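In what follows, a single structure is set out as structure tokens and then discussed.
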Amino acid sequence: QSALTQPASVSGSPGQSITISCTGSSSDVGTYNLVSWYQQHPGRAPKVMIYEVSKRPSGVSNRFSGSKSGNTASLTISGLQAEDEADYYCCSYGGRSSLHWVFGGGTKVTVL
Amino acid sequence: EVQLMESGGGLIQPGGSLRLSCTASGFTVSRDYMTWVRQPPGMGLEWVSVIYGGGDTHYADSVKGRCTISRDNSRNTVYLQMNSLRAEDTAMYYCARADSSGGRIDPWGQGTLVTVSS
């Protein structure tokens, strides 16, 4: 099972909206609504921003939203802020009979 | 507060062994899915292993046969025994809890660095 495919980098100006795509296959993203997104600042542990495609944990800004269409999931950050500059990883869980969790290669978000 | 704390990383020669520990507070490891995820320097995240609440264990192909995940319920601690270490095992190793659906990995520990080098 290959890693999920994400763009290497995405950039935007403060206040703008950006979207990060995450493309998998019918074996993971396309079948299970168990896609999650993680934010990682340099030298820090990942932090969950979105889970089960579009659910937002308590404490995460509503500027972060998730969606899915077919084999591709997306993370949208609206009202981009300097603090959003980080690496973002998507992840899909395929269940115990599969290869369990598979991550995307990561997307570096730059706030211009 | 729900927290995870890893330990046990360090510099090890190729072919050597290490045991990583992950101690939980604020929840019981035996009731949740406990995972290890690693991140080589400057690279992305890679799932390594999981121990489910019922005790069954699974491994990524890259470590299968060389790693063993286990837990000590009395210590509320999860372990990752790593043998026959290779240079490509060099990474920050994170312990993390996954929810019962598997769709949410949270919290994560701060990570412990394993460096395999002669």
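One line per chain: the protein sequences are F and U, in this order. If you're matching positions, the first sequence starts at 1 in my numbering and goes up one per residue. If you're matching positions, the second sequence starts at 1001 in my numbering and goes up one per residue. Glycine included, each C-beta is placed from N, C-alpha and C at the ideal position. Just so it is clear, the structure is predicted and the values come from calculations on it, not from any experiment.
Shown in chain order are the members of the region 35-52 of chain F whose Cβ falls below 7 Å from a Cβ of chain U: Ser36, Ala45, Pro46, Val48, Tyr51 and Glu52.
Sequence-distant partners of Gly1111 of chain U (beyond 5 residues in either direction) whose C-beta falls short of 7 Å from its own C-beta, in its chain, are Glu1006, Met1092, Tyr1093 and Tyr1094. In terms of beta-carbon proximity, Val102 of chain F lines the interface with chain U, with at least one pair separated by less than 8 Å. One alpha carbon belongs to Ser78 of chain F, the other to Val111 of chain F, and they sit about 12 Å apart. For Gly66 of chain F, no CB of chain U lies under 8 Å from its own CB, so it is not counted at the interface with that chain.
In the same chain as Thr19 of chain F, and ignoring 5 residues on each side of it, the C-beta atoms closer than 6 Å to its own belong to Ser74 and Thr76, in chain order. With a contact defined as Cβ atoms closer than 8 Å, Ala86 of chain F and Gln40 of chain F qualify at about 6 Å. Boundaries of the beta strand (DSSP E) around Leu1080 of chain U: Thr1077 to Met1082.
Interface annotation, Gln1003 of chain U: not in contact with chain F, CB-CB separation never under 8 Å. Apart from the 5 residues on each side of it in sequence, Tyr93 of chain F sits with its Cβ closer than 6 Å to the Cβ of Leu34 and Trp101 in its chain, given in chain order.
Around the CB of Met1043 of chain U, fewer than 16 other CB atoms lie within 10 Å, so the residue is classed as exposed. Sequence-distant partners of Ser21 of chain F (beyond 5 residues in either direction) whose C-beta falls short of 6 Å from its own C-beta, in its chain, are Thr72 and Ser74. For Pro7 of chain F, same chain residues with a beta-carbon under 8 Å away, outside a window of 5 residues either side, are Ile20, Ser21 and Thr107 in chain order. When rounded, the separation of the alpha-carbon atoms in Asp1061 of chain U and Ser98 of chain F is 12 Å. Identification of chain F residues near Asp1089 of chain U by a Cβ-Cβ cut-off of 8 Å yields none; the smallest Cβ-Cβ distance measures about 17 Å. Within chain U, Gly1044 and Leu1045 have C-beta atoms less than 9 Å from the C-beta of Tyr89 of chain F, given in sequence order. At the C-beta level, Val1050 of chain U and Cys1067 of chain U stay beyond 8 Å of one another.
The region 1051-1077 of chain U contains, as complete beta strand (DSSP E) runs of 3+ residues, the segments 1057-1059 and 1067-1072 (chain order).
In the DSSP annotation of this structure, the continuous segment of the beta strand (DSSP E) that includes Ala1098 of chain U starts and ends at Ala1091 to Ala1098. The C-beta of Gly105 of chain F comes closer than 8 Å to at least one C-beta of chain U.
Taking the CA atoms as reference points, Gly70 of chain F sits about 43 Å from Gly1015 of chain U.
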